[in-house]
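Colleague: This is the structure, below, for whatever I ask next.
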Amino acid sequence: MSARSDIHIDLRDFPLFPGGEPAIRSFTASFAPGELSALVGGDGAGKTTLLSTLARPQGRALLGITDLDAHDIGYQPASSGVWPNMSVEENLRFVADAHGLRGPRSRARIDELIDLAGLESARRRIGARLSGGMRQKLGAAMALLHHPSLLLLDEPTTGVDPASREILGRLIRGAADDGATAIVATTYLDEAESADRVFLLDEGRVLAQGSPAEVVAIAPGSLWAAPIDSADPSATDDERVWQRGRTLFEWLPGRPRPSSAFVSSAPSISGAGKGASSVAPLTIGGASPATPDLELATVEFLLEARTLTPPSRDGDHPAPSSNRGPALVHRTRRSGSDAIIACREVIKSFGEMRALDSVDLDMHPGEVVGLIGGNGAGKSTLIRLILGIDAPDSGTISLFGTPPSRRSRARIGYVSQALGLYPMLSARENLDFTQDVFGVPAADRLQGAAERGPVAGLPLGARRALAVDCALSHSPDLLILDEPTSGMDSLGRARLWKKIRRASNTGAGVLVTTHYQQEAAQCDILIRLEAGRVVEIRRAQGTSSP
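166 is the number of the first residue of the sequence shown in this note's numbering; add one for each residue after it.
Okay, structure coming up:
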């Protein structure tokens, strides 16, 4: 491109595969140089289709974009695009050669990006041995290396620790500030809030677009909020009600009337409301008008879209279970003073690398505990020890008062990042199999599970919801979830957390790993790991250090 100009896109009923269902039903937008645009939506929303269409010559030809060639475009697919058998430096050198960058200019640019991405310590490490965060940072550096006019990044921060997300954010914003047209797909609403423009996608349609503030301002209906302690927990059974942190929110459909004296004088959880309908909330007692942030606004848009326009493709928003989730058994559980998990001075090493270093941890019935920390902090290793998959080198771990055993594992529901579903079985068959393993009587089995086709054909968000249903199907005393909502849209996350909270309200302990700040706010206790050590324990009521 001799001069950077706006990129205009107009897609209507665009199929992912010839003869298939349209992956993008309606998308019209212009993207300007120097502007960072965020495509927001869950798996199956159309983000990848749009980015891959722009990245391919055939796709650009279809859109009538003829003044761009491969050297004008930097593209990072969701898989990161890193070659696993090449080192960090070799990956970058290969891309530089492909774009005709050689000699001192190439070396200087590679050194600059390695430094900016914080990859100097891994310069000679092959891609297969990089952490997830390092792989994503390297993939972004590869896309940025040749100063592209159009930068396309497909969920570059999904599953990435907060420190790496911050570095990636600086790299992307720097490219836009230098004049690139930057388009980034993300499920993280805190990232989207820093973009110049936001496009909220669902089922290949744009539900809203504009600056983050503009999208919030035009959110449909009215939003109400009440402290969780003053509300009936059964209120979350309503599909328009969800919990975030210690607050319950309820969305009412219909356009709100302009702000009135009632609204401006009413107490508010989040500040002055955007307006209230003349009808009080039907479910939450003692609620007041709430001002949404971008995450809450996207939940409102998605609720309206799925209330007024039912999903049109099987599996997009399947209900492997109802909104209520599995019927949890209110059986006698251990008292709150008995620890479900107790770790004392736990040490675990792999060769010369100490993965866990003198870790102490306690969890009691009904607690939701979040494990946070960067990639390689020790979260997954700790979970493997708690499950009894690996044994500690020293220290002790007890589950329900005894060392991990086959009997104690039967009281656990576990969802790994790989989900653990059988891809060729249907949702119903996966649930049946899980409940057979745990001996759940047929009368107690989940009703309404999807019968259609193998779960391999379902979007990632639907598979994650199903995996949690399977883990909950035997009413476990301990639920362990490894990044359970990665790749889900805001409504999917809200609904999944309903199930998690319902389990904790019946007395189950819940251990969650997450990189998502707004998800961490859902936890009663946060435990932060760094280099295998517990460096902070933060409770909902305050903070203490070990």
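Cβ atoms here follow ideal geometry from the backbone N, Cα and C, with glycine treated the same way.
It should be emphasised that the depicted structure is a prediction, and the values quoted were computed from it without experimental measurement.
On a CA-only basis, which of 279, 311 and 312 is nearest residue 300? Give me that one, please.
Modeller: Residue numbering aside, residue 300 sits at position 135 when the sequence shown is read from its first letter. Comparing Cα positions, the closest option is 279.
Colleague: Please give the ranges of any alpha helix (DSSP H) in the region 360-417, keeping only runs that are unbroken, at least 4 residues long and fully inside the region.
Modeller: Fully enclosed alpha helix (DSSP H) runs of 4 or longer: 377-382.
Colleague: Taking residue 601 as the reference, which of 639, 329 and 268 has the closest Cα?
Modeller: Mapped onto the sequence shown, residue 601 falls at position 436. The option with the nearest alpha carbon to residue 601 is 639.
Colleague: With distance defined between alpha-carbon atoms, name the residue in 690, 694 and 698 nearest to residue 705.
Modeller: Residue mapping note: residue 705 aligns to position 540 of the sequence shown, counting from 1. Out of 690, 694 and 698, 690 has the C-alpha closest to the C-alpha of residue 705.
Colleague: Let me confirm a value: residue 313 is counted as buried when at least 16 other C-beta atoms fall within 10 Å, else exposed. Which label applies?
Modeller: Within the sequence shown, numbered from 1, the residue matching residue 313 stands at position 148. By the 10 Å Cβ count, residue 313 comes out buried.
Colleague: Considering only their Cβ atoms, is the gap separating residue 650 from residue 695 smaller than 8 Å?
Modeller: Along the sequence shown, read from residue 1 onward, the residue named residue 695 stands at position 530. Along the sequence shown, read from residue 1 onward, the residue named residue 650 stands at position 485. Not closer than 8 Å, so no.
Colleague: What is the C-beta distance between residue 682 and residue 355, in whole angstroms, given that I count them as a contact (C-beta under 8 Å)?
Modeller: As a first step, residue 682 is located in the sequence shown; it is residue number 517 there, counting from the start. As a first step, residue 355 is located in the sequence shown; it is residue number 190 there, counting from the start. Contact holds; Cβ gap of about 6 Å.
Colleague: Quick check on residue 475: buried or exposed, where buried means 16 or more other Cβ atoms within 10 Å of its Cβ?
Modeller: For the purposes of this step, residue 475 is taken as residue 310 along the sequence shown, with counting starting at 1. Because the pLDDT at residue 475 is just 49, under 50, the model does not fix this residue reliably, and the point stays unresolved.
Colleague: So which of 698, 188, 654 and 286 has the shortest CA-CA distance to residue 509?
Modeller: Locating residue 509 in the sequence shown gives position 344, counting from the first residue. The shortest Cα separation from residue 509 among 698, 188, 654 and 286 belongs to 698.
Colleague: Could you check where the beta strand (DSSP E) with residue 704 kicks off and where it finishes?
Modeller: As a first step, residue 704 is located in the sequence shown; it is residue number 539 there, counting from the start. Element bounds for residue 704: 698-704.
Colleague: Going straight from the alpha carbon of residue 231 to that of residue 215, what length do you get?
Modeller: By one-based count along the sequence shown, residue 231 stands at place 66. By one-based count along the sequence shown, residue 215 stands at place 50. Using only the alpha carbons, I get a separation of about 17 Å.
Colleague: With a CB to CB cut of under 7 Å and the five nearest residues on each side skipped, what residues in its chain are close to residue 225?
Modeller: In the sequence shown, the residue the question calls residue 225 occupies position 60. Hits under 7 Å: 219 and 233.
Colleague: Taking the beta strand (DSSP E) that residue 682 falls in, what are its first and last residues?
Modeller: Here residue 682 refers to the residue found at position 517 of the sequence shown. Run containing residue 682: none in the beta strand (DSSP E); it sits in the alpha helix (DSSP H), 682-685.
Colleague: Determine the direct distance from the alpha carbon of residue 546 to that of residue 575, and round the result to whole angstroms.
Modeller: In the sequence shown, residue 575 corresponds to position 410, counting from 1. In the sequence shown, residue 546 corresponds to position 381, counting from 1. C-alpha separation (whole angstroms): 20 Å.
Colleague: So, at 6 Å on beta carbons, what are the nonlocal neighbours of residue 271 in its own chain, with the 5 sequence-adjacent residues on each side left out?
Modeller: In the sequence shown, the residue the question calls residue 271 occupies position 106. Correct list, in chain order: 261.
Colleague: Report yes or no: do three or more beta-carbon pairs, one from the region 661-680 and one from the region 536-552, lie closer than 8 Å?
Modeller: With a cut-off of 8 Å, the region 536-552 and the region 661-680 count as touching, because enough Cβ pairs lie within range.
Colleague: With residue 643 as the anchor, note down where its beta strand (DSSP E) starts and where it stops.
Modeller: Residue 643 sits at position 478 when you count from the first residue of the sequence shown. That run of the beta strand (DSSP E) goes 643-647.
Colleague: Considering just the uninterrupted stretch of the beta strand (DSSP E) at residue 528, what are its terminal residues?
Modeller: Your numbering for residue 528 matches position 363 in the sequence shown. Residue 528 -> beta strand (DSSP E) spans 518-528.
Colleague: Buried or exposed for residue 692, please, with buried defined as at least 16 other CB atoms from any protein chain shown within 10 angstroms of its CB.
Modeller: Position 527 of the sequence shown, counted from the start, is the residue given in the question as residue 692. The residue in question, residue 692, is buried, as its Cβ has 16 or more Cβ neighbours within 10 Å.
Colleague: With distances taken from CA atoms, which of 331, 207 and 563 is nearest residue 162?
Modeller: The chain is shown from 166 up to 711; residue 162 falls before or after that span and cannot be answered.
Colleague: For residue 415, count neighbouring C-beta atoms within 10 Å of its own C-beta (all shown protein chains included) and say buried if the count is 16 or more, exposed if not.
Modeller: Looking up residue 415 in the sequence shown gives position 250. By the 10 Å Cβ count, residue 415 comes out buried.
Colleague: Could you round the C-beta distance between residue 253 and residue 290 to whole angstroms and report it? I think they count as a contact, below 8 Å.
Modeller: The sequence position of residue 253 within the sequence shown is 88, counting from 1. The sequence position of residue 290 within the sequence shown is 125, counting from 1. Between residue 290 and residue 253 the Cβ distance is about 6 Å, and since that is below 8 Å, they are a contact.
Colleague: Just the C-alpha distance for residue 198 and residue 318, rounded to the nearest angstrom, thanks.
Modeller: In the sequence shown, counting from the first residue as 1, residue 198 sits at position 33. In the sequence shown, counting from the first residue as 1, residue 318 sits at position 153. Spanning the two alpha carbons is a distance of roughly 16 Å.
Colleague: Checking the sheet assignment: what are the DSSP bridge partners for residue 241?
Modeller: Counting from one through the sequence shown, the residue named residue 241 turns up at place 76. For residue 241, which the question treats as bridged, DSSP gives the partners 318.
Colleague: What residue range is occupied by the uninterrupted beta strand (DSSP E) comprising residue 288?
Modeller: As a position in the sequence shown, residue 288 is number 123, starting the count at 1. Counting along the chain, residue 288 falls outside any beta strand (DSSP E), and DSSP gives it neither H nor E.
Colleague: Hey, out of 307, 405 and 672, whose CA is closest to residue 257's CA?
Modeller: Position 92 of the sequence shown, counted from the first residue, corresponds to residue 257. Of the listed residues, the one whose Cα sits closest to residue 257 is 307.
Colleague: Let me check one thing: in DSSP terms, what residues is residue 347 bridge-paired to?
Modeller: Translated into the one-based positions of the sequence shown, residue 347 becomes position 182. Paired residue(s): 201 and 316.
Colleague: Do residue 555 and residue 596 have their beta-carbon atoms positioned less than 8 Å apart in this structure?
Modeller: The residue given as residue 596 occupies position 431 in the sequence shown. The residue given as residue 555 occupies position 390 in the sequence shown. Not in contact: residue 596 and residue 555 (Cβ atoms no closer than 8 Å).
Colleague: Once you ignore the five residues that flank residue 620 on each side, which residues in its own chain have a CB closer than 7 Å to its CB?
Modeller: Position 455 of the sequence shown, counted from the start, is the residue given in the question as residue 620. Around residue 620: 586, 588, 590, 591, 592, 595, 628 and 631.
Colleague: Looking at residue 412: is its Cβ nearer than 8 Å to the Cβ of residue 383?
Modeller: In the sequence shown, residue 412 corresponds to position 247, counting from 1. In the sequence shown, residue 383 corresponds to position 218, counting from 1. Taking 8 Å as the Cβ cut-off, residue 412 and residue 383 do not qualify as a contacting pair.
Colleague: Based on the DSSP secondary-structure assignment, which residues constitute the bridge partners of residue 535?
Modeller: Locating residue 535 in the sequence shown gives position 370, counting from the first residue. Partner(s): 677 and 691.
Colleague: With 16 as the cutoff for other CB atoms within 10 Å, does residue 374 come out buried or exposed?
Modeller: Working through the sequence shown from its first residue, we reach residue 374 at position 209. So residue 374 ends up on the buried side.
Colleague: Taking its Cβ as the centre, do 16 or more other Cβ atoms sit within 10 Å of residue 654, making it buried, or is it exposed?
Modeller: Within the sequence shown, numbered from 1, the residue matching residue 654 stands at position 489. Looking at its Cβ environment, which holds 16 or more other Cβ atoms inside 10 Å, residue 654 is buried.
Colleague: Alpha carbon to alpha carbon, what distance is there between residue 572 and residue 667?
Modeller: Numbered from 1 along the sequence shown, position 502 holds the residue referred to as residue 667. Numbered from 1 along the sequence shown, position 407 holds the residue referred to as residue 572. C-alpha separation (whole angstroms): 24 Å.
Colleague: Tell me the rounded alpha-carbon separation between residue 563 and residue 688.
Modeller: As a working mapping, residue 563 is identified with position 398 in the sequence shown. As a working mapping, residue 688 is identified with position 523 in the sequence shown. When rounded, the distance between both Cα atoms is 22 Å.
Colleague: State yes or no: is the C-beta of residue 464 within less than 8 Å of the C-beta of residue 656?
Modeller: Here residue 464 refers to the residue found at position 299 when the sequence shown is read from its first residue. Here residue 656 refers to the residue found at position 491 when the sequence shown is read from its first residue. Taking 8 Å as the Cβ cut-off, residue 464 and residue 656 qualify as a contacting pair.
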